[in-house]
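Participant: Going down the list, the protein sequences come from chains A and B. Quick note: the first sequence uses the UniProt record's numbering, first residue 1, plus one each step. Quick note: the second sequence uses the UniProt record's numbering, first residue 1, plus one each step. What follows is a structure written as structure tokens; I'll ask about it next.
2 protein chains.
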Amino acid sequence: MTDQTPRVQLLLTGNEIMSGDTVDSNSAMIAKRLDELAIGIYRKVTVGDDPALLQQELTAMAANADLIIVNGGLGPTVDDLTAEILAAAAKVSLQEHPQAIAHLQQWCAGRNLELNAANLKQAMLPEGCQIVDNPIGSAVGFEMNMDGCRIICTPGVPSELAAMLDIIVASLAAEREQPVERNIMRLQTFGLGESSAQQIISDNIPDWPASVELGFRAGAPQMEIKLSINSNAALDARQRCRGHIDDLFGDHVIGEGDTLLAARVLDLLRQRGETLTTAESCTGGLIASMLTRIAGSSDGFHAGFVTYANDIKQAVLDVPQDDLDTHGAVSEQVVRAMALGALEKSGADHAIAVSGIAGPGGGSADKPVGTVWLAWGSSDKLRTRCLCWPVERSLFQTMIAAAGLDMIRRSLLGIDEEPRYFRQRKAR
Amino acid sequence: MTDQTPRVQLLLTGNEIMSGDTVDSNSAMIAKRLDELAIGIYRKVTVGDDPALLQQELTAMAANADLIIVNGGLGPTVDDLTAEILAAAAKVSLQEHPQAIAHLQQWCAGRNLELNAANLKQAMLPEGCQIVDNPIGSAVGFEMNMDGCRIICTPGVPSELAAMLDIIVASLAAEREQPVERNIMRLQTFGLGESSAQQIISDNIPDWPASVELGFRAGAPQMEIKLSINSNAALDARQRCRGHIDDLFGDHVIGEGDTLLAARVLDLLRQRGETLTTAESCTGGLIASMLTRIAGSSDGFHAGFVTYANDIKQAVLDVPQDDLDTHGAVSEQVVRAMALGALEKSGADHAIAVSGIAGPGGGSADKPVGTVWLAWGSSDKLRTRCLCWPVERSLFQTMIAAAGLDMIRRSLLGIDEEPRYFRQRKAR
Chain A
1 MTDQTPRVQL LLTGNEIMSG DTVDSNSAMI AKRLDELAIG IYRKVTVGDD
51 PALLQQELTA MAANADLIIV NGGLGPTVDD LTAEILAAAA KVSLQEHPQA
101 IAHLQQWCAG RNLELNAANL KQAMLPEGCQ IVDNPIGSAV GFEMNMDGCR
151 IICTPGVPSE LAAMLDIIVA SLAAEREQPV ERNIMRLQTF GLGESSAQQI
201 ISDNIPDWPA SVELGFRAGA PQMEIKLSIN SNAALDARQR CRGHIDDLFG
251 DHVIGEGDTL LAARVLDLLR QRGETLTTAE SCTGGLIASM LTRIAGSSDG
301 FHAGFVTYAN DIKQAVLDVP QDDLDTHGAV SEQVVRAMAL GALEKSGADH
351 AIAVSGIAGP GGGSADKPVG TVWLAWGSSD KLRTRCLCWP VERSLFQTMI
401 AAAGLDMIRR SLLGIDEEPR YFRQRKAR
Chain B
1 MTDQTPRVQL LLTGNEIMSG DTVDSNSAMI AKRLDELAIG IYRKVTVGDD
51 PALLQQELTA MAANADLIIV NGGLGPTVDD LTAEILAAAA KVSLQEHPQA
101 IAHLQQWCAG RNLELNAANL KQAMLPEGCQ IVDNPIGSAV GFEMNMDGCR
151 IICTPGVPSE LAAMLDIIVA SLAAEREQPV ERNIMRLQTF GLGESSAQQI
201 ISDNIPDWPA SVELGFRAGA PQMEIKLSIN SNAALDARQR CRGHIDDLFG
251 DHVIGEGDTL LAARVLDLLR QRGETLTTAE SCTGGLIASM LTRIAGSSDG
301 FHAGFVTYAN DIKQAVLDVP QDDLDTHGAV SEQVVRAMAL GALEKSGADH
351 AIAVSGIAGP GGGSADKPVG TVWLAWGSSD KLRTRCLCWP VERSLFQTMI
401 AAAGLDMIRR SLLGIDEEPR YFRQRKAR
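Put into structure tokens, the structure is as follows:
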């Protein structure tokens, strides 16, 4: 391949994608991996398992693309038509491919399975194609040329596609005459919206360099900021951009790459040999669950309490009945007592306690749905805050659980500045 | 519209979908809603915000479709090009649409906002188009005819699309000369794979009626079975199919529609006025979190314990130190003691306790990664079981948390039969 960026199209096949039974996440995966080589996809067509239509699309695409990635239809069943259609479109025959047979034999042997007729179908490939290895599945990928267009066929199973993309991206990179200098820095943030982050950057960094491409990916609870460059010559410019971002809202940056808030908190705890406990009411175990999703979480997290009912707050965490009666479960007094109770019962160094109204019911004029008290810190330095985050129940729980983890992250890092969402989500 | 099924194509636009920053869930949503009218989508094209390409696709599509649904590009920013492109393709002008202006004025008034130029752009629509109301957003949808093809333009924001699809689907249904008799029954199941469910049905119901379409949607932890019919004449046949399914594996059916396992358990508890508590080690709060995601969960769930470390199992749930020392944390004795401890501390009627090895570390020859002990029931009828479910950590937690809830569901329903996954996931 020359160094000119190829025109790439994507052809997806599968009745389950057309029917809506499956949401297509494969094409986003392919797009992200190609973006590492600064290759964009300019058009994508999705059709069901219809041979005539597939062949027609493929032929039309080949006239307007340098590279087509076909996804799906490599499996052993009768709906899996990709090899047949490619052979027909390229006017070549289907042949048993020795490398594909060898792969299938090895795959079956590793699973104590007999090689059956359905599997053998997966080795019938268009004459003259090259195999692309499938490190984890039975269906090999393959590539071939048709009318000057390169066509790579990949499996629909997401884990198999991911493994094969490693091979494809490495091979595309190796074919470049110049090494690929595309480099994407991803920053994970919490507590910033896409439009507010964009606004802060535009207002404060008017001379943002053209060589550094800025992108955002909004998620819940985290938002990703992408700083992409296409040449090593822009590395310094990017470092300056990163520095600007740190100056403007670096306390909201959790880490680089895929860093999750819970993983960052566990890392900080591990560095200090300390532990965290949780006392959850409205988040109902979600903070504990976010922590324990992370492998190795047992180093920093030993105990969590879900005290959903008032009498449980009292019985399990020794929250004074007086505080519950006088101030209600959603109050500074109660959330503070929950945190202290959890610290004492667990012997942990740090605690997060949360009590709020997730809705849709349970709100009042005084404490509307979305009102939540947070307590965080250690027994000698416990801080509290009331926020109002009136969104749908499940999103509320996600954002509040993350806010709790974020406050521990900030306190472990010694960040005293209040996060922006404290101002934006201030309770009335 | 006549009663002949229209040929439908979908045109999606947006750089964020092409770049992979956003996974497109909108087209699955549209497909599922049209399926209610037995309308399938036979082809879907996705392109970035490129006016020339968009117009070319639209014109080509219109020659091969009765209905095109366009999604995206209705917003207020300069990338939002749908109206402009449609006008150009249909060779009409863009005009300020009075109904769209009225909608925008009302929308802004409700938010105390001034109507600005960016908003006004959203009211510039192709001459002769009809408005489709947007019940929640500022951007109205619109529809028009082009070369005998009906084109409906919808917003890219998923919640706005969902609201607009209610209107579109109702309007398509009302236009039918014959009432739509399409009827989809969805059954939620736990503990069955797609291929095993398909196999059981093929083996046991050889005379499955052609009038009842069978479909599956595999998810984690639940799998959905769809029984669709296109005529009320098939209602009886479907009822018989449902009966067959109940006979074959009805104990794995959680409920109809969107029923979640946790919601079903909470309903069963509510019917009896009883409560459930959780004592979680390897699932780390996920069971509690699944329960408290459901609005109104406080009726049946008051307390949960995440006892991740051994000394916490002892300190918080009174698990005998002897059992921990002699049998280890992943043992029948410990999981039983955890359940009894949680029952006693919480005063609940039922408990789920879980202790296992989620991995990737922590396994041994004797207790490999994926080994887990479950205890469930009440203090006078507590049952236990060891399973081995060696999958990736996060999936393991999801499946085991669901298995715990499923055992409570079964015990509340008085189902004594063991689920299929007990045999399949038997620990060695």
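We put the CB at the ideal spot given by N, CA and C, even for glycine.
Taking 7 Å as the limit between beta carbons, can you name the residues of its chain near residue 322 of chain A, skipping five residues before and five after?
Facilitator: Start at 1 with the first residue of the first sequence, and residue 322 of chain A comes out as number 322. Hits under 7 Å: none found.
Participant: Thinking C-beta only, is residue 11 of chain A closer than 9 Å to residue 51 of chain A?
Facilitator: As a working note, residue 51 of chain A is residue 51 in the first sequence. As a working note, residue 11 of chain A is residue 11 in the first sequence. Contact: no.
Participant: Is the segment 48-65 of chain B in contact with the segment 65-83 of chain A, if contact means three or more CB pairs nearer than 8 Å?
Facilitator: Not touching, per the Cβ criterion.
Participant: Skipping 5 residues on each side, what residues in its chain have a beta carbon closer than 6 Å to that of residue 265 of chain B?
Facilitator: Residue mapping note: residue 265 of chain B aligns to position 265 of the second sequence, counting from 1. Cβ within range, chain order: 405, 408, 409.
Participant: So, using beta-carbon positions, are residue 189 of chain A and residue 254 of chain A closer together than 9 Å?
Facilitator: Here residue 189 of chain A refers to the residue found at position 189 when the first sequence is read from its first residue. Here residue 254 of chain A refers to the residue found at position 254 when the first sequence is read from its first residue. Yes, the pair counts as a contact, with Cβ atoms nearer than the cut-off.
Participant: Enumerate in chain order the residues of its own chain whose CB-to-CB distance from residue 127 of chain B is below 6 Å, with the five nearest sequence positions on each side excluded.
Facilitator: Here residue 127 of chain B refers to the residue found at position 127 when the second sequence is read from its first residue. Answer for residue 127 of chain B: 92, 93, 95, listed in chain order.
Participant: Going by DSSP, what residue range makes up the alpha helix (DSSP H) through residue 52 of chain B?
Facilitator: Your numbering for residue 52 of chain B matches position 52 in the second sequence. 51-62 is the span of the alpha helix (DSSP H), which, as asked, contains residue 52 of chain B.
Participant: Looking only at its chain, what residues have a beta carbon closer than 7 Å to the beta carbon of residue 115 of chain B, apart from the 5 residues adjacent to it on each side?
Facilitator: Working through the second sequence from its first residue, we reach residue 115 of chain B at position 115. If we look at residue 115 of chain B and ignore the five residues flanking it on each side, its Cβ neighbours are 104, 105, 108.
Participant: Is residue 205 of chain B helix, strand or coil by DSSP?
Facilitator: Numbered from its first residue, the second sequence carries residue 205 of chain B at position 205. The answer is coil: DSSP assigns residue 205 of chain B none of H, G, I, E or B.
Participant: May I have the straight-line CA-CA distance separating residue 3 of chain A from residue 176 of chain A, to the nearest angstrom?
Facilitator: As a first step, residue 3 of chain A is located in the first sequence; it is residue number 3 there, counting from the start. As a first step, residue 176 of chain A is located in the first sequence; it is residue number 176 there, counting from the start. Note that residue 3 of chain A has pLDDT 49, beneath the 50 cutoff, so the model's placement of it is unreliable and the number below is only indicative. C-alpha separation (whole angstroms): 6 Å.
Participant: Using a cut-off of 7 Å between C-beta atoms, extract the partners of residue 122 of chain A located in chain B.
Facilitator: Here residue 122 of chain A refers to the residue found at position 122 of the first sequence. Those within 7 Å of residue 122 of chain A in chain B number zero; the least Cβ separation is about 17 Å.
Participant: Verify whether the separation of the beta carbon atoms of residue 156 of chain A and residue 73 of chain A is less than 9 Å.
Facilitator: Reading the first sequence from its first residue, position 156 is the one you call residue 156 of chain A. Reading the first sequence from its first residue, position 73 is the one you call residue 73 of chain A. In this structure, residue 73 of chain A lies closer than 9 Å to residue 156 of chain A by Cβ.
Participant: Would you say residue 160 of chain B faces chain A, with C-beta separation under 9 Å as the test?
Facilitator: What you label residue 160 of chain B is simply residue 160 of the second sequence in a count that begins at 1. So no, residue 160 of chain B is outside the interface.
Participant: Can you name the start and end residues of the beta strand (DSSP E) that residue 108 of chain B belongs to?
Facilitator: The residue you call residue 108 of chain B lines up with position 108 of the second sequence. Taken as a continuous stretch (DSSP letters only), residue 108 of chain B belongs to no beta strand (DSSP E), being part of the alpha helix (DSSP H) at 98-110.
Participant: May I ask which residues mark the beginning and end of the alpha helix (DSSP H) holding residue 341 of chain B?
Facilitator: Start at 1 with the first residue of the second sequence, and residue 341 of chain B comes out as number 341. Residue 341 of chain B -> alpha helix (DSSP H) spans 332-346.
Participant: Once DSSP output is grouped into helix, strand and coil, what is the label at residue 3 of chain A?
Facilitator: Locating residue 3 of chain A in the first sequence gives position 3, counting from the first residue. Its pLDDT being 49, under 50, residue 3 of chain A is placed unreliably in this model, and the coordinates cannot settle the point.
Participant: Check the Cβ of residue 301 of chain A against every Cβ in chain B and list those closer than 7 Å, keeping chain order.
Facilitator: Taking the first residue of the first sequence as 1, we reach residue 301 of chain A at position 301. Chain B residues near residue 301 of chain A: 308.
Participant: Rounded to the nearest angstrom, what separates residue 392 of chain A and residue 245 of chain B at their Cα positions?
Facilitator: As a working mapping, residue 392 of chain A is identified with position 392 in the first sequence. As a working mapping, residue 245 of chain B is identified with position 245 in the second sequence. Answer to the nearest angstrom: the Cα atoms are 36 Å apart.
Participant: Classify residue 130 of chain B as helix, strand or coil using the three-state DSSP reduction.
Facilitator: The residue you call residue 130 of chain B lines up with position 130 of the second sequence. Residue state, collapsed to three classes: strand.
Participant: When DSSP builds the beta bridges, which residues end up paired with residue 153 of chain B?
Facilitator: The sequence position of residue 153 of chain B within the second sequence is 153, counting from 1. Per DSSP, B/70, B/142.
Participant: Quick check: what's the CA-CA separation for residue 121 of chain B versus residue 84 of chain B?
Facilitator: The residue given as residue 121 of chain B occupies position 121 in the second sequence. The residue given as residue 84 of chain B occupies position 84 in the second sequence. Roughly 10 Å separates the two Cα atoms.
Participant: Does any CB atom of chain B fall closer than 9 Å to the CB of residue 46 of chain A?
Facilitator: Within the first sequence, residue 46 of chain A is the residue found at index 46, counting from 1. Taking Cβ atoms only, chain B reaches closer than 9 Å to residue 46 of chain A, which makes this a yes.
Participant: Please report whether the beta-carbon of residue 114 of chain B lies at a distance below 9 Å from any beta-carbon of chain D.
Facilitator: The displayed structure is made up of protein chains A and B, and chain D is not among them.
Participant: Taking only three categories from DSSP, how would you classify residue 250 of chain B?
Facilitator: What you label residue 250 of chain B is simply residue 250 of the second sequence in a count that begins at 1. Looking at residue 250 of chain B - three-state DSSP - the assignment turns out to be helix.
Participant: Do residue 46 of chain A and residue 46 of chain B have their beta-carbon atoms positioned less than 9 Å apart in this structure?
Facilitator: Here the question's residue 46 of chain B lines up with position 46 in the second sequence. Here the question's residue 46 of chain A lines up with position 46 in the first sequence. For residue 46 of chain B and residue 46 of chain A, yes; Cβs fall inside 9 Å.
Participant: Run through DSSP, which three-state label would residue 241 of chain B get?
Facilitator: As a position in the second sequence, residue 241 of chain B is number 241, starting the count at 1. Helix, per DSSP.
Participant: Please return the same chain residues whose Cβ sits closer than 6 Å to the Cβ of residue 150 of chain B, not counting the five positions on each side in sequence.
Facilitator: Here residue 150 of chain B refers to the residue found at position 150 when the second sequence is read from its first residue. Around residue 150 of chain B: 67.
Participant: Could you tell me the alpha carbon to alpha carbon distance between residue 417 of chain B and residue 272 of chain A, rounded to whole angstroms?
Facilitator: The residue given as residue 417 of chain B occupies position 417 in the second sequence. The residue given as residue 272 of chain A occupies position 272 in the first sequence. When rounded, the distance between both Cα atoms is 50 Å.
Participant: I need the DSSP call for residue 10 of chain B, collapsed to helix, strand or coil.
Facilitator: Indexing the second sequence from 1 puts residue 10 of chain B at position 10. Correct three-state label for residue 10 of chain B: strand.
Participant: Counting only C-beta atoms, is residue 312 of chain A closer than 9 Å to chain B at any point?
Facilitator: The residue labelled residue 312 of chain A in the question sits at position 312 within the first sequence. Yes - at least one Cβ of chain B is within 9 Å of the one on residue 312 of chain A.
Participant: Leaving out five residues before and five after residue 420 of chain A in sequence, what residues of the same chain have Cβ atoms less than 8 Å from its Cβ?
Facilitator: Within the first sequence, numbered from 1, the residue matching residue 420 of chain A stands at position 420. Cβ neighbours of residue 420 of chain A beyond the five flanking positions: 191, 192, 196, 249, 252.
Participant: Quick one: what's got a C-beta closer than 6 Å to residue 215 of chain A's C-beta in the same chain, skipping five residues either side?
Facilitator: As a working note, residue 215 of chain A is residue 215 in the first sequence. Around residue 215 of chain A: 226.
Participant: For residue 390 of chain B and residue 366 of chain B, what's the separation of their Cα atoms in angstroms?
Facilitator: Indexing the second sequence from 1 puts residue 390 of chain B at position 390. Indexing the second sequence from 1 puts residue 366 of chain B at position 366. Using only the alpha carbons, I get a separation of about 14 Å.
Participant: Between the Cα of residue 33 of chain A and those of A/138, A/164, A/300, A/261, spot the shortest distance and give me the residue it belongs to.
Facilitator: Numbered from 1 along the first sequence, position 33 holds the residue referred to as residue 33 of chain A. The option with the nearest alpha carbon to residue 33 of chain A is A/164.
Participant: Do you know how far the Cα of residue 49 of chain B is from the Cα of residue 13 of chain B?
Facilitator: The residue labelled residue 13 of chain B in the question sits at position 13 within the second sequence. The residue labelled residue 49 of chain B in the question sits at position 49 within the second sequence. Spanning the two alpha carbons is a distance of roughly 6 Å.
Participant: Exposed or buried, what is residue 437 of chain A when buried is set at 16 or more other beta-carbons lying within 10 Å of its beta-carbon?
Facilitator: Summary: the structure shown does not reach residue 437 of chain A, with chain A confined to residues 1 through 428, and so no result is reported for it.
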